[in-house]
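Student: Sharing a structure below in structure tokens format, with a few things to ask.
Protein chains: 2
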Amino acid sequence: MLNLLKPIEWKNNRLILLDQTLLPCRIKYLSLRTSAQVWEAIKVLRVRGAPAIGVAAAFGMYLGLQNCKAKMSWNAFRRAAQQQGDYLNSSRPTAVNLRWAVERQLALIDRMREQSVPRILAALLKEARRIIVEDMEVCKAIGRHGLPLLRQGCAVLTHCNAGGLATTRYGTALAPVYAAVEKGRRISVYSDETRPLLQGSRLTACELKRAGVPVTVICDNMAATVMAQGKIDVVIVGADRIVANGDFANKIGTYGLAILAREHGIPFYCAAPASTVDLRLKHGSQIPIEERKPEEITHGFGRQTAPTGVNVFNPAFDVTPHRYVSGFITEKGILKPPFAKSLKACCSPII
Amino acid sequence: MLNLLKPIEWKNNRLILLDQTLLPCRIKYLSLRTSAQVWEAIKVLRVRGAPAIGVAAAFGMYLGLQNCKAKMSWNAFRRAAQQQGDYLNSSRPTAVNLRWAVERQLALIDRMREQSVPRILAALLKEARRIIVEDMEVCKAIGRHGLPLLRQGCAVLTHCNAGGLATTRYGTALAPVYAAVEKGRRISVYSDETRPLLQGSRLTACELKRAGVPVTVICDNMAATVMAQGKIDVVIVGADRIVANGDFANKIGTYGLAILAREHGIPFYCAAPASTVDLRLKHGSQIPIEERKPEEITHGFGRQTAPTGVNVFNPAFDVTPHRYVSGFITEKGILKPPFAKSLKACCSPII
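Protein sequences, first through last, are from chains V and A. Going by the numbering used here, the residue at position 194 of the first sequence is 382; the numbering climbs one at a time, nothing skipped. Going by the numbering used here, the residue at position 288 of the second sequence is 476; the numbering climbs one at a time, nothing skipped.
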């Protein structure tokens, strides 16, 4: 049994969140009871990772509506729900799972037209809890499908954190690693530290080390060197949004990594649940990219490391064109090019 | 007249060094009077940058020998000088300019066989001061030769600091930028912050901002994105050692940047003095690569950012194969492929 941190759970009518801004030095759980607290936790990255943000938002919808009066009309409740959804969506723009979870709750309300507020609230809570269970199953299935990529003794390079901490458990990019380790395979991981917020060294290294998986931290700019030294067998990253043609947004640095992998003849996979796919967008250039504040770069480590007032460019994500992607590891199997076709089939309800 | 910091000078029988570990927040000059102080300053990167290290080492040789007795035999003095040289060389293994400066001082002693110690000491000091003057001239010539690469309005991406702070003035990679700005051209610079020690954000951004050159700091993993957005016209970096076939060592991250530049069709230049060329080595794989302590990555700037005891790989340099290099900007002109030929000609004393 792997020793994995539990980043998110529902207990005593509270959303219990591991505050990931304090890792790796402190393990502290927050107990949230309002949607404003959920919004703040998403905004400042106490909870992060596309799937985990989706789960938090699903509970955020419930928390934001739970005080609606029992006698409120369905129409008024639906309007309040829309407001809550828009509010939660405003916390971060890039990951589509946030929107996906909000829309799933709104669709549920639409299906319960004219039913009482207490009944709808109970259903919203049940739906959010179902999303947790589904997420765990999805992550396990991603691990199962990714397993053949990881033979005995191989080394994986990953970027940012698409591990258990980015989901409810097991992770996406790390799910195949955990699945292989559970099968008794010796797998090692190189983790890009992932500037500016260091999710790779703070979170990925932390959860892998706890789980007993050998992990080596490198700076982002060392990836080309470890590839050239023949140390990497496969690159696996997560995704915040995958669009119809297979272009995908993920943590800044992913795009460069994809180029380096191809230059060194190393397979490059993206692991993500089907809920990350957004077929409404045709090309990666249409994905909104969040820019974050300069201080994340200039005052990253509690100390000023750039001259006062200097210009800074701080996009939180980049877009990797589909031509660099060997495949998408999803809960429904590994999708291969042409992605326009395989992604459409993956998202079709009949499959 | 550009407002440039003076990183190194000789005054009142002391080597005056700007302590670059304190930038960008504090400008403090150190006054060194022993070779042990010079060794420490090189080791912990108070002075860094291949050309500046060479200058410091040349003075370090003088400081380490200045207390030799006037009546000492030439042979004993030569042995003491060899010891001093070996000691200074042990501070950092990769940059060849350090060795070049030590060997230049040893060769001077060899030319003064049987002369008195006070005479040799005076000559060593004169030679070190000559190296400062030469370095300034070399940097200016690099700027002059690189000038045609930078047309009005263009943007340069650079990595680490190969600016005035890495030399005695003007820099290598930044020399063409300063030359173009002095000609009245509008040039902007993107500076990779350069993990782990952030020479890009701490030093390059600092010196460019003081000089009035528009500079934007990015994390290393954002370079691919700014290239894809068409923001970069040319990449210019420095070098710590260039070998016979044109492979070269420079700050970790340079190799990946070279791959990204080629993928985006952006010219990639390396600017360095001829003293950086080491024709004794045939291939880049023969260059010794310094590995530094894990804490530079795990405890970057006063705060722990990786789990205690995690594995870390921390090479300070990487090797860029010559096939990615558009040209070497030297004080003798821009060297083009085939580099085996152009580097040999550049280092030949008859040119």
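For each residue, glycine too, the CB sits at the ideal point set by N, CA and C. The structure presented is a predicted model; accordingly, all values stated were derived computationally and were not measured.
Could you give the distance in angstroms between the alpha-carbon of ASP435 of chain A and the alpha-carbon of TYR457 of chain A?
Tutor: 12 Å
Student: Please return the same chain residues whose Cβ sits closer than 8 Å to the Cβ of THR282 of chain V, not counting the five positions on each side in sequence.
Tutor: ASP428, ARG429, ALA437, ILE475, PRO476, ILE477, GLU478, ALA504, PHE505
Student: With a threshold of 8 Å, are at least 3 pairs of Cβ atoms found where one atom belongs to the region 211–227 of chain A and the other to the region 485–495 of chain V?
Tutor: Yes, the region 211–227 of chain A is in contact with the region 485–495 of chain V.
Student: Which chain A residues sit within Cβ distance under 9 Å of ARG281 of chain V?
Tutor: This sequence places Pro at residue 281 of chain V; Arg is not what is there. Neighbours of PRO281 of chain V on chain A: none; closest Cβ ~16 Å, over 9 Å.
Student: Can you give me the Cβ contacts of LEU309 of chain V inside the same chain, cut-off strictly under 8 Å, excluding the 5 residues immediately before and after it?
Tutor: TYR250, LEU253, GLN254, CYS256
Student: On the three-state DSSP scale, how would you describe PRO549 of chain V?
Tutor: An answer regarding residue 549 of chain V cannot be provided, because it is not within the stretch 189 to 539 covered by chain V.
Student: Are any of the Cβ atoms in chain V nearer than 8 Å to that of GLY490 of chain A?
Tutor: yes
Student: Could you tell me whether the region 271–282 of chain V touches the region 218–231 of chain V, using the rule of 3 or more Cβ pairs below 8 Å?
Tutor: yes
Student: Restricting to Cα atoms, I'd like to know which of V:VAL405, V:LEU396, V:ARG373 is closest to ARG383 of chain V.
Tutor: V:VAL405
Student: Less than 8 Å between the CB atoms is what I'm expecting for VAL401 of chain V and VAL377 of chain V, so what's the real figure, rounded?
Tutor: 6 Å
Student: If you drop the 5 nearest sequence neighbours on each side, which residues of the same chain put their C-beta closer than 8 Å to that of VAL403 of chain V?
Tutor: SER376, VAL377, TYR378, SER379, THR392, ALA393, LEU396, LYS397
Student: Helix, strand or coil: how does DSSP classify CYS458 of chain V here?
Tutor: Strand at CYS458 of chain V.
Student: Determine whether the Cβ of CYS213 of chain V lies closer than 8 Å to any Cβ atom of chain A.
Tutor: yes
Student: For chain A, check one thing: does any of its Cβ atoms lie closer than 8 Å to the Cβ of GLY444 of chain V?
Tutor: yes
Student: Looking only at C-alpha atoms, which of A:LEU335, A:GLU381, A:THR360 sits nearest to ARG373 of chain A?
Tutor: Of the listed residues, the one whose Cα sits closest to ARG373 of chain A is A:LEU335.
Student: Could you check whether the Cβ of ARG390 of chain A sits closer than 8 Å to any Cβ belonging to chain V?
Tutor: yes
Student: Distance check for ILE454 of chain A and ALA295 of chain A, CA to CA, integer angstroms please.
Tutor: Their backbone Cα atoms lie some 42 Å apart in a straight line.
Student: Have a look at ILE539 of chain A and THR508 of chain A and give me their C-alpha separation to the nearest angstrom.
Tutor: Low confidence applies here, because ILE539 of chain A scores a pLDDT of 43, under 50, leaving its location unreliable; read the following figure in that light. One C-alpha to the other measures close to 26 Å.
Student: Just tell me which of A:THR464, A:PRO239, A:ARG202, A:ASP421 has its CA closest to the CA of LEU531 of chain A.
Tutor: A:THR464
Student: Does the CB of PRO384 of chain V have a neighbour CB from chain A at under 8 Å?
Tutor: yes
Student: Could you tell me which of V:ALA245, V:TYR443, V:ARG301 sits nearest to SER278 of chain V, measuring between CA atoms?
Tutor: V:ALA245
Student: Tell me where the beta strand (DSSP E) around ILE447 of chain A begins and ends.
Tutor: Premise fails: ILE447 of chain A lies in the alpha helix (DSSP H), 442–451, not in any beta strand (DSSP E).
Student: Which residue or residues does DSSP assign as beta-bridge partners of ASN499 of chain V?
Tutor: Under DSSP, ASN499 of chain V forms a beta bridge with A:THR404.
Student: With DSSP as the reference, label SER376 of chain A as helix, strand or coil.
Tutor: strand
Student: Output, in chain order, the set of chain V residues within a Cβ distance shorter than 9 Å of ASP408 of chain A.
Tutor: ARG383, CYS407, ASP408, ASN409, GLY441, GLY444
Student: Does the beta carbon of THR518 of chain V come closer than 8 Å to any beta carbon on chain A?
Tutor: no
Student: Going along the chain, which residues of its own chain have a beta-carbon closer than 6 Å to the beta-carbon of GLY352 of chain A, five neighbours each way excluded?
Tutor: Correct list, in chain order: LEU192, TYR358, GLY359, GLU395.
Student: Assign GLY248 of chain V to one of two classes, buried (16 or more other C-beta atoms within 10 Å of its C-beta) or exposed (fewer than that).
Tutor: buried
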